[in-house]
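Structure first, commentary second.
Residue numbers (my numbering): 110 to 459.
Here it is in structure tokens:
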């Protein structure tokens with residue numbers, strides 16, 4: 110498809126995607142809004158009404174695409190399965206890379222629309238003939254960590270109107286344009302279908318016998334205490350263990366087959382290497398076998414230098430220049446140089 114002046118915008122009914130619609134229209138694009146029905150707590154569809162009302166006021170077409178069944182099988186079932194395997198899932202990463210953006214492209218293709226857009230706080234840049242995601246200017250809202258899996262054919266068509274704005278300025282734009290409800294909307298927090306305690310969510314979505322009381326052990330194999338069931342714990346967890354040993358202990362290992370959770374001090378969690386599966390690299394020459402790459406395994410406030418090498422079994426080996434703690438199977442790792450996202454993958458069992 111050749112570029113045209115049309116853009117398909119993913120609209121959640123929130124502040125960011127709503128202001129994105131304003132800015133794209135101001136820039137001269139013919140905007141079509143689409144709201145994906147992924148998950149609705151207590152069957153609340155107010156977000157659809159809000160998106161539809163904004164599109165009506167702007168005079169743009171609005172589409173509702175029901176993807177709840179696909180979201181359940183792709184994201185929710187995965188989320189549950191990972192915890193039941195003793196892993197730490199990354200549903201927002203999978204949703205962005207394998208669901209949200211691909212669905213936008215698929216629908217845009219059907220409608221003859223070239224550009225696709227969202228309210229993500231990121232930018233993009235072409236380096237050595239490859240498109241890269243780069244950080245947004247608002248450091249607190251930067252969402253590049255979640256987008257390492259996007260292919261070139263999606264990045265080429267992306268429009269990212271939030272990338273050069275702060276959240277404060279976005280709210281101001283909504284106020285200035287008379288969209289008061291949009292300006293005052295709260296940011297969504299956590300996983301959309303499980304915003305608070307995932308343990309309650311698990312209890313409500315697996316059989317009672319799937320989660321049984323088990324045992325805590327120390328690193329020498331000594332029994333410490335009983336726990337509520339291995340799916341309720343994650344690697345690196347310190348709080349909420351329900352025990353008092355007069356010293357700080359952390360979850361070091363989870364053994365689902367034995368319903369066993371191993372605890373240790375922080376030093377025992379340190380590692381200098383780990384491996385990735387299901388990885389994506391934007392341009393291998395900028396990432397592999399270099400000593401100036403930064404890896405993050407958390408969305409915020411963590412950056413460690415590393416060297417990345419491709420292994421015979423097609424995993425990526427990440428060798429850390431300094432030890433890092435709480436590296437959990439199932440987590441995502443994203444690679445950067447400066448503000449440029451180079452790729453990422455999923456941490457495998459070790």
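Beta carbons are placed, not taken as given, at the ideal position from N, Cα and C, and that holds for glycine.
Just so you know, these numbers come straight off a predicted model, no measurement behind them.
- Per DSSP, residue 232 lies in no alpha helix (DSSP H) segment; the continuous beta strand (DSSP E) that holds it begins and ends at 231 to 236.
- Per the DSSP secondary-structure output, residue 419 pairs in a beta bridge with 425.
- Inter-segment contact for the stretch 132 to 145 and the stretch 263 to 271 is present: three or more beta-carbon pairs are separated by less than 8 Å.
- A Cβ-Cβ contact shorter than 9 Å links residue 276 with residue 250.
- In the same chain as residue 350, and ignoring 5 residues on each side of it, the C-beta atoms closer than 8 Å to its own belong to 325, 336, 342, 358, 360 and 372, in chain order.
- Taking all protein chains shown into account, residue 111 has fewer than 16 neighbouring C-beta atoms within 10 Å of its C-beta and is therefore exposed.
- The stretch 169 to 178 makes contact with the stretch 140 to 157: 3 or more CB pairs, one atom from each, lie closer than 8 Å.
- By the Cβ criterion, the stretch 180 to 193 is in contact with the stretch 310 to 326, since at least three pairs of Cβ atoms, one from each stretch, lie closer than 8 Å.
- The C-beta of residue 339 has 16 or more other C-beta atoms within 10 Å across all chains shown, which makes the residue buried.
- Comparing alpha carbon positions, the residue from 307, 450, 279 and 253 closest to residue 295 is 279.
- In the DSSP annotation of this structure, residue 309 is not part of any beta strand (DSSP E); the continuous alpha helix (DSSP H) holding it starts and ends at 307 to 314.
- When DSSP states are grouped into helix, strand and coil, residue 335 belongs to the strand group.
- Counting only unbroken stretches of 3 or more residues, the beta strand (DSSP E) elements lying wholly within the stretch 135 to 180 are 139 to 146 and 170 to 175, in sequence order.
- Between residue 200 and residue 184 a beta carbon distance of about 5 Å is seen, short of the 8 Å cut, so the two are scored as contacting.
- Shortest Cα-Cα distance from residue 175 to any of 146, 181, 202 and 152 involves 146.
- Per the C-alpha coordinates, the member of 238, 257 and 229 positioned closest to residue 245 is 229.
- Between residue 322 and residue 368, the C-beta gap is smaller than 9 Å, which places the two residues in contact.
- Where residue 326 is concerned, the enclosing beta strand (DSSP E) starts and stops at 323 to 326.
- In terms of Cα proximity to residue 259, the closest of 289, 285, 288 and 225 is 225.
- The beta carbons of residue 291 and residue 256 sit no closer together than 9 Å.
- By the C-beta criterion, the stretch 383 to 399 is judged to be in contact with the stretch 422 to 434, since at least 3 inter-stretch pairs fall below 8 Å.
- With contacts defined by Cβ atoms closer than 9 Å, residue 432 and residue 457 do not form a contacting pair.
- Residues of the same chain with a CB within less than 6 Å of the CB of residue 263, apart from the 5 flanking positions on each side, are 210 and 214 in chain order.
- When DSSP reads this structure, residue 449 sits in a beta bridge with 243 and 446.
- One Cα belongs to residue 379, the other to residue 303, and the distance between them is close to 30 Å.
- Under the three-state reduction of DSSP, residue 381 is assigned to strand.
- At the C-beta level, residue 453 and residue 435 stay beyond 9 Å of one another.
- Excluding the 5 residues flanking it on each side, residue 385 has same chain C-beta neighbours closer than 7 Å at 424, 425, 427, 442, 454, 455, 456 and 457, in chain order.
- Each of 284, 254 and 289 was checked against the Cα of residue 205, and the nearest Cα belongs to 254.
- Residue 331 and residue 370 have their C-alpha atoms spaced approximately 11 Å apart.
- Along the stretch 343 to 416, the beta strand (DSSP E) occurs as fully enclosed runs of 3 or more residues at 359 to 364, 369 to 373, 380 to 390 and 402 to 405, listed in sequence order.
- For residue 454, the beta-bridge partners assigned by DSSP are 442.
- Residue 165 has its alpha-carbon roughly 44 Å from the corresponding atom of residue 412.
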